[in-house]
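Enquirer:
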Amino acid sequence: MDKENNSVEKQRSAAIGFKEVQPGVEEIKFMQDGSYSGAGNWSVSVNVIVNGKKYKEILNQDGLDGGDPLPEGNAGTRTPVEVLYSNGQEATLK
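Residue numbering for the sequence shown follows the numbering used here, beginning at 1 and increasing consecutively.
1) Bridge partners of GLY63, per DSSP?
2) Ignoring anything shorter than 3 residues or poking outside the stretch 5-83, list the beta strand (DSSP E) runs there in chain order.
3) For VAL83, which option in GLU27, ILE58, VAL46 has the closest C-alpha, if you only look at C-alpha atoms?
4) Below 8 Å between beta carbons: does that hold for PRO80 and VAL50?
5) Excluding five sequence neighbours on each side, which residues of the same chain lie with their C-beta closer than 7 Å to the C-beta of GLN32?
6) Taking a contact to mean a Cβ-Cβ separation below 8 Å, would you say GLY67 touches TYR55 in this structure?
7) Go through its chain and collect everything with a Cβ distance to ASP65's Cβ below 7 Å, but skip five positions before and after it.
8) Are GLY40 and SER7 touching if we call contact CB-CB under 8 Å?
9) Given that a residue counts as buried once 16 or more other Cβ atoms are within 10 Å of its Cβ, and exposed if not, what is LYS53?
10) Kindly give me the distance between the Cβ atoms of THR77 and LYS19, rounded to whole angstroms, as I take these residues to be in contact under 8 Å.
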């Protein structure tokens, strides 16, 4: 697997993890490929739209890692979410 595909797979996994716990997610836009910290953990900067408002967040492969305070809740998003990957690909997570 080349670096770009590996990055998109990690981004997809992070988007799914975020969608599964955060309610009201409408869009996730990856701002970069993502990178590993000195501790070996992968993370990536994203802009997300939740309930019509834009937030700057950091996702890891499992979902949310930090960033702006988000609306309360952990029921996840049951509606489709638009995802824009760092390589320009677009997808809809159902």
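Backbone N, C-alpha and C define an ideal beta-carbon position, used for all residues, glycine too.
Expert: The structure says:
1) Stepping through the sequence shown from its first residue, residue 63 is reached at position 63. Beta-bridge pairing links GLY63 to ASN60.
2) 25-30, 42-50, 53-60, 63-67
3) Translated into the one-based positions of the sequence shown, residue 83 becomes position 83. Nearest C-alpha to VAL83: GLU27.
4) Translated into positions along the sequence shown, residue 80 becomes position 80. Translated into positions along the sequence shown, residue 50 becomes position 50. The answer is no: Cβ separation not under 8 Å.
5) Taking the sequence shown and counting its residues from 1, one reaches residue 32 at position 32. Cβ neighbours of GLN32 beyond the five flanking positions: VAL44, SER45, SER86.
6) Taking the first residue of the sequence shown as 1, we reach residue 67 at position 67. Taking the first residue of the sequence shown as 1, we reach residue 55 at position 55. Yes, the Cβ-Cβ distance between GLY67 and TYR55 is below 8 Å.
7) On the sequence shown, residue 65 is found 65 positions in, with the first residue counted as 1. Answer for ASP65: SER43, ILE58, LEU59, listed in chain order.
8) As a position in the sequence shown, residue 40 is number 40, starting the count at 1. As a position in the sequence shown, residue 7 is number 7, starting the count at 1. It is not a contact, given that the beta carbons lie outside the stated cut-off.
9) Residue mapping note: residue 53 aligns to position 53 of the sequence shown, counting from 1. Exposed: under 16 other Cβ atoms inside 10 Å.
10) Position 77 of the sequence shown, counted from the start, is the residue given in the question as residue 77. Position 19 of the sequence shown, counted from the start, is the residue given in the question as residue 19. Contact flag correct, Cβ pair sits at about 5 Å.
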